[in-house]
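Comments concern the structure below.
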Amino acid sequence: MANIEHLALLQAGAVRWIEWRTTNPQIEPDLSTANLQKHNLRGANLQGVNFSRVDLSHALLVRANLSYANLSSANLYQAKLSEANLSAAHLSVANLSQAILTQANLSHTTLIGSNLSEADLRGATIINANLIGTDFTGANLRDADLDAAQLNRAHLCFANLIEANLIETNLSEANLYAADLVGAYLYKANLEKARLHKAHLSSSYLFRANLAEADLTGADLGWANLKKANLAGANLRDANLRGANLTGANLIGVNFQNAIMPDGRKHD
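Residue 45 in our numbering sits at position 7 of the sequence shown, with consecutive numbering throughout.
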């Protein structure tokens, strides 16, 4: 439960809050379970604050410093977090549906089981983040940096990942149905057993990617770089591979039924 004194200081305004935090750096503010709907916290120093189970829906948190904050189970529905610093924050099971996180820093953040459906994360930095089981259905991750992020078993149906950086990202068993990965950089990404049915992967860079047993039924891989990729046991039925580079790829047990091959011919 929120500390009444800490809550009063926050509600007293930015100047009072900054003064108090500056003179009391050793105190970790407790604002857990507080109702901060629609609050204007633009640019506020909220580093390390306990916001667990808080209601920050529709709140203005543009450029706020939330690094190391505890936001587990918090409600951030439609919150505005553009350019906010959420590095190393804890957001497990938080609701960030339709939140605006453009250019936000989410590096090393824990978002296990959180809801980011339809969130706007264009250009966000999400490197080394723990996103296991997170829901990104319909989210916009265009140009986002997800280098080495843990996205295993995440839900990315219809997500926009155009030109996203997914180097060495773990997407094993993730659901990427109809996701848009055009031009995405997936060097050494782990997509083992991932569901990529009808995914758009044209011109994507999948050099040395692991796609073992992945479901690529009906996927568009036109002009993709699959050089030395592991496709063992993958399902590429009805997939488009026109112009794709399969040099050195592991194709043991691949199902190419009715697929359009790199030379343009249709596989029997």
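We put the beta carbon where it would ideally sit given N, CA and C, even for glycine.
If the criterion is Cβ atoms closer than 8 Å, does the pair residue i and residue j meet it?
i, j, result
"Arg-246", "Lys-231", "no"
"Asp-158", "Leu-139", "yes"
"Asn-268", "Asn-283", "no"
"Ala-25", "Ala-257", "A query on residue 25 cannot be resolved here, the shown segment of the chain reaching from 39 to 306 and no further."
"Ile-200", "Gly-221", "yes"
"Gln-141", "Gly-161", "yes"
"Leu-214", "Ser-242", "no"
"Asn-198", "Asn-178", "yes"
"Asn-83", "Ile-56", "yes"
"Lys-265", "Gly-286", "yes"
Would you report the Cα separation of residue i and residue j, rounded to the nearest angstrom?
i, j, result
"Phe-174", "Leu-48", "31 Å"
"Ser-240", "Gly-260", "5 Å"
"Ala-216", "Gly-51", "45 Å"
"Ala-182", "Pro-63", "33 Å"
"Leu-229", "Phe-196", "17 Å"
"Ser-70", "Ser-125", "19 Å"
"Asn-288", "Asp-185", "24 Å"
"Glu-156", "Gln-116", "10 Å"
"Leu-244", "Ala-46", "52 Å"
"Leu-209", "Asn-166", "13 Å"
"Thr-60", "Asn-41", "18 Å"
"Leu-134", "Leu-279", "36 Å"
"Glu-251", "Thr-207", "17 Å"
"Glu-211", "Asn-248", "12 Å"
Going along the chain, which residues of its own chain have a beta-carbon closer than 6 Å to the beta-carbon of residue i, five neighbours each way excluded?
i, result
"Pro-67", "His-44 and Val-87"
"His-305", "Phe-294, Ala-297 and Met-299"
Among residues of its own chain, excluding the 5 on either side of residue i, which ones have a beta-carbon nearer than 7 Å to its beta-carbon?
i, result
"Arg-275", "Thr-255, Asn-293, Gln-295, Asn-296 and Ala-297"
"Val-131", "Ser-110, Ser-111, Gly-151 and Ser-152"
"Asp-93", "Asn-73, Leu-74, Gln-75 and Asn-113"
"Asn-108", "Asn-88, Phe-89, Ser-90 and His-128"
"Asn-168", "Thr-148, Leu-149, Ile-150 and Gln-188"
"Tyr-106", "Gln-85, Gly-86, Ala-126 and Ala-127"
"Thr-163", "Asn-143, Leu-144, Ser-145 and Asp-183"
"Asp-253", "Arg-233, Leu-234, His-235 and Asn-273"
"Ala-281", "What sits at residue 281 in the sequence shown is Gly, not Ala. Excluding sequence neighbours, Gly-281 sits near Gly-260, Trp-261 and Pro-300."
"Gly-302", "Arg-280"
"Met-39", "Ser-70 and Thr-71"
"Arg-54", "Leu-47"
"Ser-95", "Gln-75, Asn-113, Leu-114, Tyr-115, Gln-116 and Ala-117"
For residue i, which residues from the same chain have a beta carbon less than 8 Å from its beta carbon, with the 5 sequence-adjacent residues on both sides left out?
i, result
"Ile-170", "Ile-150, Gly-151, Gln-188, Leu-189, Asn-190, Arg-191 and Ala-192"
"Val-100", "Arg-80, Gly-81, Lys-118, Leu-119, Ser-120, Glu-121 and Ala-122"
"Asn-78", "Ala-97 and Leu-98"
"Ile-205", "Asp-185, Ala-186, Tyr-223, Leu-224, Tyr-225, Lys-226 and Ala-227"
Please go through the segment 77-151 and give each complete beta strand (DSSP E) segment of 3 or more residues, from N-terminal end onward. When DSSP assignments are scanned along the segment 77-151, no uninterrupted stretch of beta strand (DSSP E) that is 3 or more residues long falls wholly within it.
Tell me the start and end of each unbroken alpha helix (DSSP H) in the segment 185-251 that is at least 4 residues and wholly inside, in chain order. Correct list: empty.
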